[in-house]
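Those protein sequences? They're chains V and Z, same order as listed. Terminal number for the first sequence in my numbering: 114, no gaps in between. Terminal number for the second sequence in my numbering: 383, no gaps in between. All C-beta atoms, glycine included, are put in the ideal place defined by N, C-alpha and C.
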Amino acid sequence: MTAAATTPPYPYVGPEALRQPIEEALQRVVDPEVAMTIVDVGLVYGVTVTDERLHVLLTMTSAACPVTDVIVEEVELELEGAAPRTMRVDVELVWEPAWSTDRMSPRAKAFMGW
Amino acid sequence: MPGRGHAHPRARVVARLVLVPAVLLALLAGTAGGLVRAGIVLPASGAWLGQAVLGHAFLMICAFMGTVIGIERAVAVRQPLAFAAPLASASAGVLHLAGAAHAATWVAAAAALAFVAVNMLVVARQRAAHTVLLLTGALAWLAGNGLLVAGASPSAVIPWWFSFLVLTIAAERLEMTRLMRRHQGASQMLYAILAAMLLGSALSAVSPQWGGLLYGASLAGLAAWLLAFDIARRTVRTRGLSRYMAVCLLLGYFWLAVSGLAWCMSSLGLPARDAALHALALGFVFSMMLGHAPVILPAVARVKLLFGWAFYLPLLLLHGSLAVRLLARHADLGSLAAGAAGNALAMALFAATLAGSAIAWRVRHAPSHTPSTGSHDDAVAAP
Chain V
1 MTAAATTPPY
11 PYVGPEALRQ
21 PIEEALQRVV
31 DPEVAMTIVD
41 VGLVYGVTVT
51 DERLHVLLTM
61 TSAACPVTDV
71 IVEEVELELE
81 GAAPRTMRVD
91 VELVWEPAWS
101 TDRMSPRAKA
111 FMGW
Chain Z
1 MPGRGHAHPR
11 ARVVARLVLV
21 PAVLLALLAG
31 TAGGLVRAGI
41 VLPASGAWLG
51 QAVLGHAFLM
61 ICAFMGTVIG
71 IERAVAVRQP
81 LAFAAPLASA
91 SAGVLHLAGA
101 AHAATWVAAA
111 AALAFVAVNM
121 LVVARQRAAH
131 TVLLLTGALA
141 WLAGNGLLVA
151 GASPSAVIPW
161 WFSFLVLTIA
171 AERLEMTRLM
181 RRHQGASQML
191 YAILAAMLLG
201 SALSAVSPQW
211 GGLLYGASLA
221 GLAAWLLAFD
231 IARRTVRTRG
241 LSRYMAVCLL
251 LGYFWLAVSG
261 LAWCMSSLGL
271 PARDAALHAL
281 ALGFVFSMML
291 GHAPVILPAV
301 ARVKLLFGWA
311 FYLPLLLLHG
321 SLAVRLLARH
331 ADLGSLAAGA
341 AGNALAMALF
351 AATLAGSAIA
361 WRVRHAPSHT
371 PSTGSHDDAV
381 AAP
């Protein structure tokens, strides 16, 4: 689990102390079909942390994906473990802008033979 | 998670109480019908068994696979009305077994029509090649069921039914291949192969020979395309659930190629019809199902599973018994029955494996409320 990357995998707004724990939590959510984490696939569009709310924008590669709810729940579960107890975890599913391969991490691209 | 607004708990309750027994009934009766067709004497009797023998393909493809795919899509679109399609296809299976075969065909046609509507919603939400292919698959199902209502012969109906399943799988694989670098013309090649398959389906009604040849060639072409461009060749190098899924896919592609070849041979009058149908249905479609059940089931049935090596046992039995059934057949006529029995046992063993993995997950997570234990994390990391 290396969180380090030269460019951040998604826009992050919030306290610096939570940046890494949140990224590590998100890196624990794996899509077994592609054998990669949702961060590497580029499904996380952004994270905004305020005093009482941890807001994540998440997309899926397909609108016909039946596993969507399971992935959203796993993200919530992992973030609830990483965030302060008083914080509300709020995962929002978005379809705009549509996911593209540009969002894949260098590690993901290397794995898929780019 | 408590209070998730999008979970549609009522739809899930309906799915569990009505659809699960109906899906199991279609699978069990369809399998029983298949076993009798393979020459096995079952310790069962009754009018339903006769119906099951007659309607083996209808039960397996429309009532079982059609319902499973319908549920999967309904869960994906998060629209309770979308469950009308699987409810109808499941009812069609029950009606058929109850002796109302003609009514069952009409209800199946209605199911396919509803499923087309659901897929139009998917396309409206995401206009992409793979969603359009899913819709095309639904239309192929509708074409097959329409022909069935009109009283067409099995040789005219069956290619459309398989086109429905193959297009559904191809669409999902195309979506995955987006993760790989686009090969110039790869998508166009896939569309050409699938167009040939649809043309072969249509042609089968008027000329089973030419239609069958085109259909078989397109299946073999699709197998080659999937082997060349699917991510499974990469994910098979990982471990745990991801590797298992990739193994299921790659074995499926092998049988898809076998089916294509057998479909061509059968069209030329050679005795390869059982191989054409069952390499496709069991080797390709069921292998996909075995591969995806550990991720789809938690999504549609809210059951957590712990992946383990035991999942390879039913997979091995399925493919081994299929090889016996199809390849050893010419040496020994009894191998059809033995192979078919092995196919059925593989499904039973898979059901037992799923049940065991659900229990294993509960045992593993017995001291409740341990944070940070995502099921996929466990699933992938498990030996």
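Remark: C-beta atoms of Z:Ala140 and Z:Leu198 approach each other more closely than 8 Å. For Z:Arg239, there is no enclosing alpha helix (DSSP H), since its DSSP letter is neither H nor E.
Classified as buried, Z:Val23 has 16 or more neighbouring CB atoms from the shown chains inside 10 Å of its CB. The beta carbon of Z:Ser321 sits no closer than 8 Å to any beta carbon of chain V.
Distance between Z:Leu19 and Z:Val68, taken at the CA atoms: about 9 Å.
Listed along chain Z, the residues sitting closer than 7 Å to V:Pro66 by beta-carbon distance are Glu72, Val75, Ala76, Ile296, Ala299 and Val300.
Counting C-beta atoms within 10 angstroms of its own C-beta, Z:Trp309 has fewer than 16 neighbours from the protein chains shown and is therefore classed as exposed. DSSP places V:Glu92 within a strand segment (E or B) once states are collapsed to three. For V:Thr48, same chain residues with a beta-carbon under 7 Å away, outside a window of 5 residues either side, are Val13, Gly14 and His55 in chain order. When 9 Å is used as the limit between beta carbons, V:Ser105 is near no residue of chain Z, the shortest such separation being about 12 Å. Burial is judged here by how many other beta carbons sit within 10 angstroms of a residue's own beta carbon; Z:Gly99 has fewer than 16 and is exposed. Chain-order list of chain V residues neighbouring Z:Arg362: empty, with the shortest C-beta distance near 16 Å, by a criterion of under 8 Å. The beta-carbon of V:Ala83 is placed no less than 8 Å from the nearest beta-carbon of chain Z.
Closest option to Z:Arg302, judged by alpha-carbon separation, among Z:Val247, Z:Ala47, Z:Leu134 and Z:Ile71: Z:Ile71.
Rounded to whole angstroms, the separation of the alpha carbons of Z:Ala110 and Z:Leu306 is 37 Å. Per the coordinates, the alpha-carbon of V:Met104 lies some 52 Å from the alpha-carbon of Z:Gly334.
A straight line joining the alpha-carbon of V:Val34 with that of Z:Ala344 spans about 30 Å. A distance below 7 Å between beta-carbons, with the five flanking residues on each side excluded, links Z:Val123 to the following residues of its chain, in chain order: Thr131, Val132 and Leu135. Annotation for Z:Tyr215: the continuous alpha helix (DSSP H) segment containing it runs Pro208 to Phe229. Chain Z places no beta carbon closer than 8 Å to that of V:Pro8, leaving this residue out of the contacts.
Here V:His55 carries a strand assignment [DSSP, helix/strand/coil]. The beta carbon of V:Asp69 falls within 8 Å of a beta carbon belonging to chain Z, placing the residue at that interface. Across the region 225-247 of chain Z, CB contacts with chain V closer than 7 Å involve Ile231, Arg234, Thr235, Thr238, Leu241, Ser242 and Met245, in sequence order along the chain. Under the criterion of beta carbons closer than 8 Å, Z:Gly283 and Z:Val258 qualify as touching, at roughly 7 Å.
A distance below 6 Å between beta-carbons, with the five flanking residues on each side excluded, links Z:Ala29 to the following residues of its chain, in chain order: Ala52, Leu59 and Leu97. Ala25, Arg28, Val29, Val30, Asp31, Pro32, Glu33, Val34, Ala35, Met36 and Val41: these are the residues of the region 22-50 of chain V whose beta carbon lies less than 9 Å from some beta carbon of chain Z, given in chain order. Note that the region 150-169 of chain Z touches the region 280-294 of chain Z; at least 3 beta-carbon pairs, one per stretch, sit closer than 8 Å.
Excluding residues up to 5 positions away in sequence, Ala156 lie with their Cβ nearer than 6 Å to the Cβ of Z:Ala205 in the same chain. Beyond the five residues adjoining it in sequence on each side, Z:Met245 comes within less than 6 Å, by CB distance, of Gly291 in the same chain, given in chain order. Neighbours of V:Met112 across chain Z, judged by C-beta separation under 8 Å: Leu179, Met180, Arg181, Ile231 and Arg234.
The three-state secondary structure of V:Met36, taken from DSSP, is strand. When the beta-carbon positions are compared, Z:Ile61 and Z:Trp161 come within less than 8 Å of each other. According to the DSSP assignment, Z:Thr31 belongs to the alpha helix (DSSP H) that extends over Val20 to Arg37. Put simply, of Z:Ala90, Z:Ala26, Z:Thr353 and Z:Val118 the residue whose alpha carbon is nearest the alpha carbon of Z:Ala108 is Z:Ala90.
For V:Thr86, there are no neighbours in chain Z by C-beta distance under 8 Å, as the nearest C-beta there is about 15 Å away.
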